[in-house]
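Visitor: Sharing a structure here in structure tokens format.
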Amino acid sequence: MAISVGVLAICVYLVWPSSAEEKAALRNAWTTLDWGTLAPYVAGYLASLVVVHFCRSYRWKYLLAALKTELPLKKVVAINSVGYMAVLLLPIRLGEFVRPVLFRKHTGISASAGLGAVAVERVMDGLLVSTFVFVTFMVLKSPDSPNWMLPTAAIALSVFAAGFVFLLGSLLVPEFTAKWSVRCTLTPWVAPNFSKKIEGFVKKLISGFQILKDRANLFPFVFWTILYWLANGFGMWFLAVGLGEATASELASLPLLGAYATMGLLAVGLMIPNAPGMAGQFQAFVILGLSLFIPEAVAQSSGLIYGILIHISQFVWYIGIGGLFLMTPLVSFGDIYQRKSDEETTTSNLS
């Protein structure tokens, strides 16, 4: 919690205007905002979140199929909805552990394998958006480009490319990967019995990577992943144009490419440990992305409002839809806190 509070404080400090001019520009943007003009754009953005949510959840049908299991679509959507809500509410991405536990309860796969599937999902997302950010930043490169631009894109792409290589290597040599991972912890020398438990956990984790060698499920998974990010970026662009018109600012001229680049930078930024609700951190990366395409003063005023509006919209949507599914028989808190004796389930049907 202390880390989360620290991250929140730093992000709010970086985002909130410090100079009198910036504060005046932000105040002017708020006071001149035409809510009547903005309303249909907000409605359109919320509609795009429905598409994003469906695509993001639907692709899990293929992750589960690669693990030789399946669930009705409504239950897949319900579990993912509660998981996304948990990621928003819990600090430093602890919510990522919720979906593996829920899938264990409803499918019989181990929580470790479920966590492995989440790892595949996150690495594929990161690889896709970091590749887009890198290519976009290479196109935008100029003598006036900020110093952070290309190194940030290169580091992000390198991290997720390395993660993808690790996933593939783990599938090819699972025994070696498990033993090597355990040795990196030094537990074989200081706690031999515990090291065997870690090795068993890693092997089960690797079993969740099965989709990477299952072409029949991998290709549709990638297709729905691309569709998810395309819808996400288009929705962000649509809302930016609307807010720009409602505030009579240069945000209205944000190119579609700029919206996708901002989305990619935001997505990469939010994959690092964050404060509860991602407050501050969310707006910081939105402003950073926008500053490459519109004047910095506009990014700090209308861009900050834009970041706040997107954040609130997503927060209300994910908390709302997750909460609604918790009130149905499809999923419950009891599924998350079931006894440990129920956790260990067989995955003998996995290769």
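If you want our numbering, it's the position in the sequence shown, counting the first as 1, plus 22. A virtual CB, placed ideally from N, CA and C, is assigned to each residue, including glycine.
Go to A139, then tell me how far its alpha helix (DSSP H) extends in each direction, as first and last residue.
Guide: 133 to 162
Visitor: Assign W52 to buried or exposed, taking buried as 16 or more other Cβ atoms, counted over all protein chains shown, within 10 Å of its Cβ.
Guide: Label assigned to W52: exposed.
Visitor: Taking the beta carbon of K163 as the centre, do at least 16 other beta carbons fall within 10 Å, making it buried, or is it exposed?
Guide: In this structure K163 is exposed. Its beta-carbon is surrounded by fewer than 16 other beta-carbon atoms within 10 angstroms.
Visitor: Return the CA-CA distance between P196 and I228, expressed in angstroms with no decimal places.
Guide: 7 Å
Visitor: Is V74 closer than 8 Å to G302 when the C-beta atoms are compared?
Guide: no
Visitor: Keeping to the same chain, check which residues put their C-beta closer than 7 Å to that of D364; ignore five residues upstream and five downstream.
Guide: At D364, the pLDDT of 45 sits below 50, so the modelled position is not reliable and the matter cannot be decided from this model.
Visitor: Is the beta carbon of A268 less than 8 Å from the beta carbon of A281?
Guide: no
Visitor: Whose C-beta lies closer than 8 Å to the C-beta of M23 among residues of the same chain, with five residues either side of it excluded?
Guide: Low per-residue confidence applies at M23: pLDDT is 43, beneath 50, and the placement is therefore not dependable, though the value from the model is reported in the following sentence. Cβ neighbours of M23 beyond the five flanking positions: P113.
Visitor: Please give the ranges of any alpha helix (DSSP H) in the stretch 257 to 337, keeping only runs that are unbroken, at least 4 residues long and fully inside the region.
Guide: 278 to 292, 303 to 312
Visitor: Is the separation between the beta-carbon of Y67 and that of S275 shorter than 8 Å?
Guide: no
Visitor: How would you call A184, buried or exposed, if buried means at least 16 neighbouring beta carbons within 10 angstroms?
Guide: Result: exposed.
Visitor: On the three-state DSSP scale, how would you describe L372?
Guide: For L372, the predicted model reports a pLDDT of 36, less than 50, meaning its position is unreliable; a value from the coordinates is still stated below. It is coil, neither helix nor strand.
Visitor: Using the rule of at least 16 other Cβ atoms within 10 Å of the residue's Cβ for burial, across every protein chain shown, is A213 buried or exposed?
Guide: exposed
Visitor: Quick one, which of P122, W82, R49, A141 has its alpha-carbon nearest A133's?
Guide: P122
Visitor: Could you tell me the distance, in whole angstroms, from the CA atom of D357 to the CA atom of A270?
Guide: Answer to the nearest angstrom: the Cα atoms are 49 Å apart.
Visitor: With a threshold of 7 Å on Cβ separation, who are the neighbours of W251 within its own chain once the five nearest residues in sequence on each side are excluded?
Guide: Cβ-Cβ distances below 7 Å link W251 to L150, V151 in the same chain, with the five nearest sequence neighbours on each side left out; the list follows chain order.
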